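Worksheet for the structure shown next.
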Amino acid sequence: EAGVVQSPRYKIIEKKQPVAFWCNPISGHNTLYWYLQNLGQGPELLIRYENEEAVDDSQLPKDRFSAERLKGVDSTLKIQPAELGDSAVYLCASSFNSATEQYFGPGTRLTVT
Amino acid sequence: SQQGEEDPQALSIQEGENATMNCSYKTSINNLQWYRQNSGRGLVHLILIRSNEREKHSGRLRVTLDTSKKSSSLLITASRAADTASYFCATGTGANNLFFGTGTRLTVIP
Numbered sequence: 001e002a003g004v005v006q007s008p009r010y011k012i013i014e015k016k017q018p019v020a021f022w023c024n025p026i027s028g029h030n031t032l033y034w035y036l037q038n039l040g041q042g043p044e045l046l047i048r049y050e051n052e053e054a055v056d057d058s059q060l061p062k063d064r065f066s067a068e069r070l071k072g073v074d075s076t077l078k079i080q081p082a083e084l085g086d087s088a089v090y091l092c093a094s095s096f097n098s099a100t101e102q103y104f105g106p107g108t109r110l111t112v113t
Numbered sequence: 001s002q003q004g005e006e007d008p009q010a011l012s013i014q015e016g017e018n019a020t021m022n023c024s025y026k027t028s029i030n031n032l033q034w035y036r037q038n039s040g041r042g043l044v045h046l047i048l049i050r051s052n053e054r055e056k057h058s059g060r061l062r063v064t065l066d067t068s069k070k071s072s073s074l075l076i077t078a079s080r081a082a083d084t085a086s087y088f089c090a091t092g093t094g095a096n097n098l099f100f101g102t103g104t105r106l107t108v109i110p
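Top line first, the protein sequences correspond to chains A and B. Counting in the numbering used here, the first sequence runs from 1 upward without gaps. Counting in the numbering used here, the second sequence runs from 1 upward without gaps.
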């Protein structure tokens, strides 16, 4: 069974540029999460989807971050414009439902210069 | 903060020894999960223990949960070099979100 797929794996951009990350969850998983992980820290939730509905986006900086999950499968996370402080690893995870274990993708390491 | 806190921050042991990591949290939880993260395989789920459970085993892993003390421990027995990784506890709340701690960095010396 394929795991959670994320792309790109690495991205280097200049500040003020836009960037987008893509995630394909495990087939059949209804819940999808985007996390941000800074160096030496644990992941922090940005947004959680139940199917195509964003049910918790309270930690998403909405002035520059946006996300979508069309058709309740793949998801994209966008930052526009990127700031230096956005440099981090962006992780996508999925689960069968929100009360079960989560399966994480390899992440996208973003460097903003 | 609802975030769990792991203790110690770093642990170095010889191969074959046991490793114990602790996690403390502040709010009521539905479950507590342990994850492992290394550069090779990313973040991997290890074990989930529900709030009404006190102990759970999975292979060489043993997890305990004391909700009265708001704490959990992860024991890895007979450690191997491949166990070298960062270990995170994550608390699952009523809103079904996970809150991760800052992790314990385990190094197993061959």
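C-beta: ideal position from N, C-alpha, C; glycine also. Computed from a predicted model, the values in this text were never measured in an experiment.
Please determine, among Ser79/B, Leu98/B, Asp7/B, the residue with the shortest C-alpha to C-alpha distance to Ile13/B.
Sequence index remark: in the second sequence, residue 13/B carries index 13 (1-based). If we check each option's Cα against that of Ile13/B, Ser79/B comes out closest.
If distances are taken between C-alpha atoms only, which option among Val4/A, Gly3/A, Pro18/A comes closest to Thr113/A?
Your numbering for residue 113/A matches position 113 in the first sequence. Comparing Cα positions, the closest option is Pro18/A.
Pick from Pro110/B, Phe100/B, Thr104/B that is closest to Pro43/A, judged by C-alpha positions:
Sequence index remark: in the first sequence, residue 43/A carries index 43 (1-based). Phe100/B is the residue among Pro110/B, Phe100/B, Thr104/B whose C-alpha sits nearest the C-alpha of Pro43/A.
Rounded C-alpha distance that separates Gly28/A from Phe96/A
For the purposes of this step, residue 28/A is identified with residue 28 of the first sequence, where counting begins at 1. For the purposes of this step, residue 96/A is identified with residue 96 of the first sequence, where counting begins at 1. Looking at the two C-alpha atoms, the distance is approximately 7 angstroms.
C-beta neighbour in chain B for Asp57/A, strict 8 angstroms:
The sequence position of residue 57/A within the first sequence is 57, counting from 1. Not flagged as an interface residue toward chain B: Asp57/A, since no C-beta distance is shorter than 8 angstroms.
Which same chain residues end up closer than 6 angstroms to Asp193/B when comparing Cβ atoms and leaving out the 5 residues on each side of it in sequence?
Outside the shown range of chain B (1 to 110) lies residue 193/B, about which nothing can therefore be said.
With respect to the beta strand (DSSP E) encompassing Leu110/A, which residues constitute its N-terminal and C-terminal limits?
Position 110 of the first sequence, counted from the first residue, corresponds to residue 110/A. Segment 108-112, the beta strand (DSSP E) holding Leu110/A.
Is the Cβ of Asn97/B closer than 8 angstroms to any Cβ of chain A?
Counting from 1 along the second sequence, the entry for residue 97/B is found at position 97. By this cut-off, Asn97/B is an interface position.
Between the CA atoms of Glu14/A and Leu98/B - distance to the nearest angstrom:
By 1-based counting over the second sequence, the position of residue 98/B is 98. By 1-based counting over the first sequence, the position of residue 14/A is 14. Linking Leu98/B to Glu14/A through their CA atoms gives a straight-line distance of about 32 angstroms.
Give, in chain order, every unbroken run of the beta strand (DSSP E) that is at least 3 residues long and sits entirely within the segment 29-83 of chain A.
For the segment 29-83 of chain A, whole beta strand (DSSP E) runs of length 3 or above, ordered along the chain, are 31-37, 44-50, 53-56, 65-68, 75-79.
Report all residues from its chain with a CB closer than 7 angstroms to the CB of Asp86/A; omit the five preceding and five following residues, and keep chain order.
On the first sequence, position 86 is the one that residue 86/A refers to. Taken in chain order, the residues that qualify are Ile79, Leu110, Val112.
Please name the residue, chosen from Asp56/A, Arg64/A, Pro106/A, that lies closest to Leu84/A on a Cα-to-Cα basis.
If you number the first sequence from 1, residue 84/A lands on position 84. The shortest C-alpha separation from Leu84/A is found at Arg64/A.
Residues of its chain near Ala81/B, where Cβ-Cβ distance is below 7 angstroms and the 5 sequence neighbours each way are ignored
Here residue 81/B corresponds to residue number 81 of the second sequence, with the count starting at 1. Counting only Cβ-Cβ distances below 7 angstroms, and skipping sequence neighbours, we find Glu15, Val108, Pro110.
Just reading off the beta strand (DSSP E) that Ile109/B is part of, what are its end residues?
Numbered from 1 along the second sequence, position 109 holds the residue referred to as residue 109/B. Where Ile109/B is concerned, the enclosing beta strand (DSSP E) stretches over 104-109.
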